[in-house]
Amino acid sequence: MMPIGRDMAIILSNLKGLFIIIGSIMLGMAAISAYIGETQVADGFFYGAVLGIGLGMILHSFYPAGIDPELRHAMVIAAIAYLVVPGISAIPYVVTGHMSPLDAFFEAISGWTGSGFSMMPEPQSSHPMILLWRSITQWIGGLGVILLMVTILIRPGTSTYMLYQSEARKDKILPSIRSTLNVIWSLYLALTILAMLLLLATGLPAWDALNTAMTAISTGGFSIYGESIAAYHSLPLELALLPIMVAGALPFAVMYRTARKGVSKLFDDAQVKAFIFMIVAGALLLSIENYYYYGNIAESIRYSVFQFISAITCTGFQSADVSQWSQTALLMMSIAMVIGGCAGSTAGGIKVARAIFVGNEVKLWFTRMLHSKNSIVAIKIGGKRVTEDVVDQEMAEASLISFLWLISALVSVLLLSHIVGQRFDLSHIIFAVCSAQGNVGITCGVINQSLPAIGKLLVIMNMWVGRLEIIPVLVLVRYLLKGFKS
-9 MMPIGRDMAI
1 ILSNLKGLFI
11 IIGSIMLGMA
21 AISAYIGETQ
31 VADGFFYGAV
41 LGIGLGMILH
51 SFYPAGIDPE
61 LRHAMVIAAI
71 AYLVVPGISA
81 IPYVVTGHMS
91 PLDAFFEAIS
101 GWTGSGFSMM
111 PEPQSSHPMI
121 LLWRSITQWI
131 GGLGVILLMV
141 TILIRPGTST
151 YMLYQSEARK
161 DKILPSIRST
171 LNVIWSLYLA
181 LTILAMLLLL
191 ATGLPAWDAL
201 NTAMTAISTG
211 GFSIYGESIA
221 AYHSLPLELA
231 LLPIMVAGAL
241 PFAVMYRTAR
251 KGVSKLFDDA
261 QVKAFIFMIV
271 AGALLLSIEN
281 YYYYGNIAES
291 IRYSVFQFIS
301 AITCTGFQSA
311 DVSQWSQTAL
321 LMMSIAMVIG
331 GCAGSTAGGI
341 KVARAIFVGN
351 EVKLWFTRML
361 HSKNSIVAIK
371 IGGKRVTEDV
381 VDQEMAEASL
391 ISFLWLISAL
401 VSVLLLSHIV
411 GQRFDLSHII
421 FAVCSAQGNV
431 GITCGVINQS
441 LPAIGKLLVI
451 MNMWVGRLEI
461 IPVLVLVRYL
471 LKGFKS
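Under this note's numbering, the sequence shown has 21 at position 31, and the numbering climbs by one with no breaks.
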């Protein structure tokens, strides 16, 4: 039986504002759609707006005052938000007649989680406002729906920081959360505008540039074409997208310091240096591996570099049909998607910072083993000396999340193998799961409209779990089963 009482009141009183915000955005989309004559699309957005605003107002009637959440409540709020918000957002996809309810929900949660898988075989044939809505969900989802909510409905106290943390964010760029949120959104908007200008410079039409910029800087990967970036057959476009995708996967704190103090600050960060090294090494190795497939070094470098950066930044754009690549190439890409981008960015995956901590844990274990029990081991991370207590705490968290992430992926591989194992080999299934749970969206043919319903539900779970980084999902399950103890 679902627990009720104060905990439920805390959760629902904080969700009401988010539902009203999403409904209000959809109401604006409905007005624009009606103005340009897209009546059917306007109806879809209007129904979604009524549901979102109506649900929020009903909750407001029961809980007129917001109740400050603890971290456990904030995690449940985030977990619920990433299910309900896509449910509301899916309504226009259904009303326009292009999708079943399941496919529409899949499309919506793929957008909000920044995954980029699509149930639209030919997006270019859809209504322009539907395409814009897909891009908007990814652009907002890149930073997070909870971040949007706390930015608009910020209130004093620790509750805002608890909600901020619920989407796996820790670092405050500035002392106050309000200032930090302002910096993040300002940087994000500036990067989006710069990305659009860069894409326009390649000759991309304005409409294409707008949508592509929004889904690139958010590392989301939706495209207005079914063939993704491959539809353009444009090397200048692919080259322009490389720095945009990388920028989306860099920490906002580092970009803020870089904007204030110069490019040198970009490479002062240990996580960024490790990330750049992974990009260079991974792209080089993948280019070598794919040479045997393309038989041409120029083509191998072109497609391998683009796809590896698209994978490790968790963007999900495709310039090549990776389903034809070797098993080794697919597994290399899978590793990149598991690691993902930097912590504190829009990217998915386990995160480079956690990979560094897990690596340091192994190094520290060997170091301690080789020293006497009474000796003092100097520990440095990113060139800075830290105490063993801090290291043990950070490493325990990194190891736990990494372990749970991999266990979830392993279980999903086994389940997906049972569903589609007769049509695809293991390397393709591993690739598909890593792409889904890493919130990447690169497809090797496994995840598309023909995937059975049970398979789509599994992928939806992967995208949801990956976006929340495991822990909020477990907290939600614990809450639903047993409630919270005071």
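C-beta atoms are modelled at their ideal positions from N, C-alpha and C, and glycine is treated no differently.
Item checked: Closer than 8 Å: P462 CB and nearest the ligand NAP heavy atom -> Annotation note on the ligand NAP: not contained in the displayed structure, which lists no ligands.
Margin query: List, from N- to C-terminal side, the alpha helix (DSSP H) runs of 4 residues or more that fit wholly inside the segment 259 to 340.
Written below: 260 to 284, 287 to 302, 317 to 329
Note to self: For G349 and F96, I'd like the C-alpha separation in whole angstroms.
What the structure shows: 35 Å
Check: So, do the segment 118 to 125 and the segment 224 to 240 have three or more beta carbon pairs nearer to each other than 8 Å?
Finding: no
Next item on the list: May I ask which residues mark the beginning and end of the alpha helix (DSSP H) holding P91?
Entry: 91 to 102
Check: So what does DSSP say about F52, is it helix, strand or coil?
Finding: helix
Check: Does DSSP classify G431 as helix, strand or coil?
Finding: coil
Item checked: Residue burial classification, N438 (beta-carbon count within 10 angstroms, cutoff 16) -> exposed
Note to self: Whether or not the segment 11 to 19 and the segment 36 to 43 are in contact is what I'm after, with contact meaning three or more pairs of Cβ atoms, one per stretch, closer than 8 Å; do they touch?
What the structure shows: yes
Checklist line | Limits of the alpha helix (DSSP H) - the one that H63 falls within | finding: 61 to 79
Check: Alpha carbon to alpha carbon, how far is R247 from D258?
Finding: 10 Å
Checklist line | Local Cβ density within 10 Å of W355, reported as buried at 16 or more and exposed below that | finding: exposed
Note to self: Across the segment 300 to 307 and the segment 98 to 107, are there enough close Cβ pairs to call them in contact, namely three or more that are closer than 8 Å?
What the structure shows: yes
Check: Taking DSSP as the reference, what is the three-state secondary structure of M(-9)?
Finding: In this predicted model, M(-9) has a pLDDT of only 35, less than 50, meaning its place in the structure is not dependable enough to derive any value.
Note to self: Please return the same chain residues whose Cβ sits closer than 8 Å to the Cβ of I329, not counting the five positions on each side in sequence.
What the structure shows: M268, I302, G339, I340, K341, V342, A345
Notebook entry, point to check: Taking the C-alpha atoms as reference points, what is the distance between M327 and I420?
Noted result: 11 Å
Note to self: Mapping the DSSP letters down to three states, classify P165 as helix, strand or coil.
What the structure shows: coil
Next item on the list: For F414, count neighbouring C-beta atoms within 10 Å of its own C-beta (all shown protein chains included) and say buried if the count is 16 or more, exposed if not.
Entry: buried
Notebook entry, point to check: If A388 sits next to C424, beta carbons under 8 Å apart, how far is it from one beta carbon to the other, in whole angstroms?
Noted result: Incorrect: roughly 19 Å between the Cβ atoms, too far for contact.
Margin query: I'd like the list of long-range same chain contacts for L225, defined as Cβ closer than 8 Å, with 5 residues on each side in sequence excluded.
Written below: R292
Note to self: Since P113 and Y215 should fall inside the 8 Å C-beta cutoff, what is the C-beta to C-beta distance between them, to a whole number of angstroms?
What the structure shows: 6 Å
Next item on the list: Return the chain-ordered list of same chain residues with a C-beta closer than 7 Å to the C-beta of S108, the five sequence neighbours on each side being excluded.
Entry: E97, S100, F212
Item checked: C-beta atoms of L137 and I174 nearer than 9 Å -> yes
Check: Apart from the five residues on each side of it in sequence, which residues of its chain come closer than 6 Å, Cβ to Cβ, to F296?
Finding: E228, S309
Next item on the list: Determine the closest residue to A69 out of L276, V455, G27, G132, with distance taken between C-alpha atoms.
Entry: V455
Notebook entry, point to check: How should S476 be labelled, buried or exposed, when 16 other C-beta atoms within 10 angstroms of its C-beta is the threshold for buried?
Noted result: Bear in mind that a pLDDT of 49 at S476, under 50, signals an unreliable position, so the model cannot answer this.
Checklist line | Secondary structure of E459, DSSP reduced to three states | finding: coil
Check: In whole angstroms, what is the alpha-carbon distance linking L458 and A337?
Finding: 12 Å
Next item on the list: Have a look at G334, V140, I450, I287 and flag the residue whose alpha-carbon is nearest the alpha-carbon of I163.
Entry: G334
Item checked: Local Cβ density within 10 Å of M186, reported as buried at 16 or more and exposed below that -> buried
Notebook entry, point to check: Distance, Cα to Cα, P462 vs R(-4)?
Noted result: 19 Å
Notebook entry, point to check: In terms of alpha-carbon separation, which member of I26, G134, H63 lies closest to P76?
Noted result: G134
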